[in-house]
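Data first, discussion second: the structure below is written as structure tokens.
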Amino acid sequence: MIYLLPLGNGVTKGNSSRSWGTPMNSFWCCYGTAIESFSKLADSIYFKQPINSTITTKSDNTVAMQSQVPASLLLARFADSVVQPTTDTIGLSQAVRVTPNAISSVMAITQSLTTVGNQGSLQLLVPSWTADEYAGIKLLPPIVNGKAPKASPSAVTPGTFLTVRPPRPSGWQTGDTIEMEFPCPLKLRKLDDNRTAYGSMYSFVAGDVLLVGLESQPGAPNSLIVPSAESLTNLTSWVTVSEASTVSAPLRFVANVRGHAGGDELQLMPLNEVVHERYTVYYNISVQQQR
């Protein structure tokens with residue numbers, strides 16, 4: 065368990081000011097705060113968006129609310145999870161698979177507790193990071209019950225909700241499936257600092273996952289040289305999937321660069337998976353001078 069995370073050059077998680085905690089002798093209050101955060105991992109995956117109830121006026125001028133209308137189930141994060149059905153929404157189980165190039169989700173429907181609830185729509189939040197105009201990536205519509213939608217689907221636009229409606233007039237049925245795949249492009253994310261000294265500082269990201277470079281020496285220089293200015297926006301020509309990539313650890317990459325103190329190959333892996341490895345988060349990246 066660690067609470068204070070080093071972000072320097074050639075650092076390890078164990079050399080922070082608090083270092084690794086121990087069960088009996090060094091368990092500060094900040095570690096308790098961090099452990100509490102794990103209970104929030106399932107928070108904010110699903111939301112229910114009720115549709116305005118129908119309002120009618122009786123003969124005696126009193127108002128009656130007709131609340132038997134379906135509600136939309138909003139899915140805001142893609143993670144292995146289950147949400148139970150209610151009287152006005154469907155239930156859903158979600159299984160997610162990560163590859164070096166994409167994140168895919170297979171969602172299985174559980175019928176609502178009422179016939180009305182089965183008519184509700186499912187709204188999927190399309191991640192903003194899945195857009196990549198430089199790699200020519202196109203987002204495909206969801207596959208429902210193994211088939212592409214017959215009707216023209218609403219636009220799959222990053223950063224917006226995509227509405228998926230029942231595949232039949234009678235509504236959803238238990239066992240209906242929805243499949244979505246989101247390309248997971250590699251990008252450089254510039255350090256959000258307008259000072260001149262940090263104008264060329266970048267980190268590597270795969271989708272929304274922060275990658276770090278593995279270093280062999282403490283305080284290793286963080287300078288990298290890439291082939292061209294285009295390389296800053298299109299990483300496909302100089303960052304490839306590593307041989308270390310596996311089903312259980314898919315996000316392993318190799319950056320072929322110049323100027324790196326550890327050689328021309330920089331190994332990349334997710335920061336959240338680092339344990340004892342020495343790493344660098346931000347690199348000072350410059351473009352190779354053309355002769």
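Residue 65 is where the sequence shown starts when you use the numbering used here, and the numbers rise one by one after that.
Even for Gly, the Cβ is constructed at its ideal location relative to N, Cα and C.
Which word fits residue i, buried or exposed, when buried means at least 16 other C-beta atoms lie within 10 angstroms of its C-beta?
i	result
G181	buried
A270	buried
S90	exposed
S136	buried
M244	buried
M88	exposed
W92	exposed
A319	buried
R316	buried
L186	buried
E169	Glu is not the amino acid found at residue 169; the sequence shown has Ser there. Classification of S169: buried, given that the 10 Å Cβ count is 16 or more.
G78	exposed
G263	exposed
N125	Note that N125 scores a pLDDT of 46, beneath 50, so its modelled location is shaky and nothing firm can be said.
D328	exposed
T151	exposed
N286	buried
Where does residue i fall in DSSP's three states?
i	result
T97	helix
T224	coil
H340	coil
G235	coil
A293	helix
F102	helix
A319	strand
N79	helix
G263	coil
S108	coil
L139	strand
G74	coil
T310	coil
Q113	strand
Q158	strand
N182	helix
T300	helix
T194	helix
L335	helix
A166	strand
Skipping 5 residues on each side, what residues in its chain have a beta carbon closer than 6 Å to that of residue i?
i	result
H324	L288 and L330
L299	L250
R253	S267 and V269
V162	P314
P372	Given that the chain is displayed from residue 65 to residue 355, the structure contains no residue 372 and the question cannot be resolved.
What does a CB cutoff of less than 8 Å around residue i pick up in its chain, not counting 5 residues either side in sequence?
i	result
S108	A140 and R141
Q237	I173, Q175 and N182
S234	N182
CB residue i to CB residue j, shorter than 9 Å?
i	j	result
L189	T224	yes
Y95	L138	no
A166	P247	yes
T86	M171	no
R322	P282	no
G155	P164	no
S145	A195	no
A313	E294	no
L346	L71	A small fix is needed here, since residue 346 is Tyr in this sequence, not Leu. A contact, by the Cβ cut-off of 9 Å.
L332	S301	no
V351	V290	yes
P231	V208	yes
M265	D257	yes
T153	K112	yes
Once the 5 residues before and after residue i are set aside, which same chain residues still bring their CB inside 7 Å of it?
i	result
Y198	Low per-residue confidence applies at Y198: pLDDT is 49, beneath 50, and the placement is therefore not dependable, though the value from the model is reported in the following sentence. Closer than 7 Å at Cβ, skipping near neighbours: T297 and N298.
G74	E279, Q281, P282, G283, A284, R342 and T344
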